[in-house]
Each structure stands twice: as structure tokens, then as C-alpha cells.
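Just so we're on the same page, the working numbering is the position in the sequence shown counted from 1, plus 347.
All C-beta atoms, glycine included, are put in the ideal place defined by N, C-alpha and C.
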Amino acid sequence: MGHITRRVFAAAAAGAVTTMLASGDTLAAAPVPVAGPEHLRGMWIATVSNRDWPSARGLSATRQRQELLDFLDAAVGRRLNAVVLQVRPTADALWPSPYEPWSEYLTGTQGEDPGWDPLGTAVREAHRRGLELHAWFNPYRVANNTDPARLAAGHPARLHPDWVVPYGGKLYYNPGLPEVRRFVQDAMLDAVKRYDIDAVHWDDYFYPYPVAGQAFADDDAYARYGTGFPDRAAWRRNNTDLLVRETAARLKRIRPRTRFGISPFAVWRNRATDPLGSDTRAGVQTYDDLHADTRKWVREGWIDYIAPQVYWNIGFAAADYAELIPWWARTVHGTGVRLYIGEALYKAGAAGQPAAWQDPAELSRHLAFDRDYPQVGGNIFFAAKDVVADPIGAMSRVVADHYGAREARPAGV
348 MGHITRRVFA AAAAGAVTTM LASGDTLAAA PVPVAGPEHL RGMWIATVSN RDWPSARGLS
408 ATRQRQELLD FLDAAVGRRL NAVVLQVRPT ADALWPSPYE PWSEYLTGTQ GEDPGWDPLG
468 TAVREAHRRG LELHAWFNPY RVANNTDPAR LAAGHPARLH PDWVVPYGGK LYYNPGLPEV
528 RRFVQDAMLD AVKRYDIDAV HWDDYFYPYP VAGQAFADDD AYARYGTGFP DRAAWRRNNT
588 DLLVRETAAR LKRIRPRTRF GISPFAVWRN RATDPLGSDT RAGVQTYDDL HADTRKWVRE
648 GWIDYIAPQV YWNIGFAAAD YAELIPWWAR TVHGTGVRLY IGEALYKAGA AGQPAAWQDP
708 AELSRHLAFD RDYPQVGGNI FFAAKDVVAD PIGAMSRVVA DHYGAREARP AGV
């Protein structure tokens, strides 16, 4: 089965943010109605490749800011209580970072000051609307091409070419180098030091998704640091474990109330591979292919929440939503780690998707299914454009069926 993650971008109508939910200014003045203090209702706002925001590179600071506020107002209008804003998509920054250049997705030129502070504005304006702001970072992706010369002058990846591995048409920092792990932590945690963000959020990219016929070139790092491990895969998993564990410890020292959440590909391992795995037949397993032992991070309590991307419909043979929810519920049970479910709103009504995704009620059925599992503490929808455009009414159906107007506390308060 081919994996589908945030790399698969659904089409959305241009300008939808500014044309829909026109009453957002009024809504923003009121508290956000949420299901309860333990129930999160979120949406991702993706900035990589300008997927959601800004709508294009090179917009004026005024236009960028207004588009961001429109998304926050849209979240309020949909009765959500959290937004997950991508602030470090490709070893860059949406705040004035001393470690990395300004993101090219703002001005069109990496390193160019956009004339305002997007993350600072997002935190302030989200909180003013009663929304949590989860800052979404990608730890290792450097560029969506393999040409270091296209990076800004002075970019850390240009200053330290030995840190970088080209793979699958992209550039990545090498997770096997201790100096890389320390640097990416420093870069991400700078935002935590500067802003009262509610959570540090990572997505599903650790070691990159496998590309047929290509090898991730970390031979030198493995030769230097792989002694004592049974094989390279075990060493790689330990590298990812170190990143998670060290970040968690540093985060709690810097800002103890800020949570740490990770949103992985939803299949840890298939049961045919490991009896502890889910009854799935996924073509990707995070433990084996991304070298990310997501189950361990929960069982060890290194993270505060996990939000697996359960991006399949109920009844999907290779990876059934109705199989993965109980598997994750069992995994978090008794750990104190909260479970939020990543929902593939972008598939609703999309061409080429199975018949289930052409039914506006499919996502609503997901939330109804989740009610039987008290471990499920909420849902996050991918992504913001789709929350606003809602081409077949799937999001509206979720709101009508599940997001009543009572309660007004953000999820983490």
C-alpha cells in the first residue's frame, strides 16, 4: 500500500480563506466553544511549498498577516480550539531566529526579512481568540531539492556540508551526527524560549521515507558512532530516540508547561512483522522504515501527546481506521500520554479517493467511532485550506454532529 502523508497536497480553491467565514471578526471576539478541557479540536496550517499559508510567496506583510488571521478566525468559526502552525518547514524559520534564515515561503527569498514576526503574531492572536498555538517543526528536512547553492548564504547546511545527506531529490540533515541533533534542538527550542507556545509539534519525518533503489548515505556516521548496535537500523532508531528524549528534557527545563507532541505515520508495525503491531498491511512501518519507535516514546512517557495520522477510511483493507484507533488506544492506555487522531480532511471529495471519501459523513463517522475509546482526546484536521473550503461539506458535518456550542476551555488549560 502506498503511504499518503502531508506530502500529498489536496487542491483547494484560491482565495477561499478570505471569501468564506466572513463573520470571523465577530466570532473571534467570543470564546471558542470546545468539547471539554481534555478534548482537542485542531487543524494544521502547512507553510511548506505554501500549501496553506501564505497563499503565495512575496505577498506584503499586511496581506500575509491578514491571511493568517483569517485562518485563525476560520478555526473559531469551525469551533476548533487549537491550530498547529508549521514554523520550521525546511531548516528555516518563521520567526527572527539566530540559528536559521527566514523561510523562503514568506518573501520568495530565503533569508529575506518579511518585515514582521509571523510566529509571535500567531501566538498572540491565537490566544486572543481562545485558541492554542502548537508550533510545528520539521527536525531534519533541509530543502526540497538537492542543490546546496540554492540555500541562503550563511545557511548552516552550507557552512557544514558534512551534516547534509542528499536523498530522494531532497537534502536532509544527518540524524546520526550528535552535532546535528544538538543544532536542530537549539534551533527549534529558540522559539520556545521566545514565545509562549502551547506545544512543540513534530510531524512524521525522521529518517526520510524510503525511495526505491536509493540508500541514505550515512556510512561514515555509522562507522564512527554505530559500535555496540546489532545493526544499522537499531543505531538509527537510537538516534531518533535520542532526539526525542533530549528534546523532551530540554523543553521541560525551558518552559515546563509547554507540551511536546508528535504526529507520526499511523502504522508503528504490521502484526505480520511484530505480534505487538496493528492488524494492517501498510507498505510503510515507522519502526522499520523511518527508524521511529513511536510506541516506545509513548510507553516511556517522553512525549505529552501523540497524534497518529490515521488517514484512511473505516473499512480500508490495508489500514482500517477501525483497527488503528483501538490499537493506539491500547498503546496509550495507562501512560498519561494523550491521544489525538490526525484526520485526512483533504481526502474528502478528492478525485481518485475511494468511495468512502466521497461521502460527506465519513469523517463524522470517525469521530462517532472514537467516542467508544475514552483514550481518544481529540482530533486534528489536515489541513487549513480544507477546513475553510470544505468542498463536499465534510467539515461542516463534523461541526454539526460533534462540536456543540457548549464549553469554552482550550484543550490544555
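Inset, instruction - Return helix, strand or coil for Asn-485, following the three-state DSSP convention. - result: coil
Legend entry - chain B contact for Ala-665 (CB, 8 Å cutoff): In the structure shown, chain B cannot be found, because there is only a single protein chain.
Inset, instruction - Select from Val-734, Gly-740, Gly-648 the residue whose C-alpha is nearest the C-alpha of Arg-425. - result: Looking at the Cα atoms, Val-734 is the closest of the given residues.
Inset, instruction - Taking only the alpha-carbon atoms, compute the straight-line gap between Glu-472 and Leu-480 and give it to the nearest angstrom. - result: 9 Å
Legend entry - For His-474, three-class secondary structure by DSSP: helix
Legend entry - Nearest neighbour of Thr-468, chosen from Gly-458, Ala-482, Ala-708, Glu-459 [CA to CA]: Ala-482
Legend entry - Residue nearest to Ala-534 in terms of C-alpha spacing, selected from Ile-653, Val-745, Asp-509, His-502: His-502
Inset, instruction - Hey, could you find the ends of the beta strand (DSSP E) Pro-513 is sitting in? - result: 511–514
Legend entry - Complete runs of the beta strand (DSSP E) confined to the region 387–433 [at least 3 residues]: 387–392
Legend entry - Backbone secondary structure at Ser-711 - three-state DSSP: In this structure, DSSP gives Ser-711 a helical state, which the three-state scheme calls helix.
Inset, instruction - Following the continuous alpha helix (DSSP H) through Val-723, name the residue where it begins and the one where it ends. - result: Here Val-723 belongs to no alpha helix (DSSP H); instead the beta strand (DSSP E) covers 723–728.
Legend entry - Chain-order list of residues whose beta-carbon lies under 7 Å from that of Thr-678 (same chain, five-residue window excluded): Arg-642, Val-645
Legend entry - Host alpha helix (DSSP H) of Ile-672 (start-end): 668–679
Legend entry - Continuous alpha helix (DSSP H) assignments of at least 4 residues falling wholly in the region 542–567: none
Inset, instruction - Tell me Phe-716's beta-bridge partners as DSSP assigns them. - result: According to DSSP, Phe-716 bridges with nothing at all.
Inset, instruction - Only counting runs of 4 or more residues, tell me where the alpha helix (DSSP H) segments fall wholly within the region 587–658, in order along the chain. - result: 633–636, 641–646
Inset, instruction - Please confirm whether Glu-451 and Asp-464 have their CB atoms less than 8 Å apart. - result: no
Inset, instruction - Would you check if the region 603–616 and the region 572–588 touch, i.e. whether three or more CB-CB distances between them fall below 8 Å? - result: no
Inset, instruction - Measure the alpha-carbon distance for Asp-567 versus Arg-628 and round it to whole angstroms. - result: 34 Å
Inset, instruction - Please check the pair His-548 and Gly-608, which I expect to be a contact at CB under 8 Å, by giving their CB distance rounded to whole angstroms. - result: Their Cβ separation, rounded to whole angstroms, is 5 Å, which keeps His-548 and Gly-608 in contact under 8 Å.
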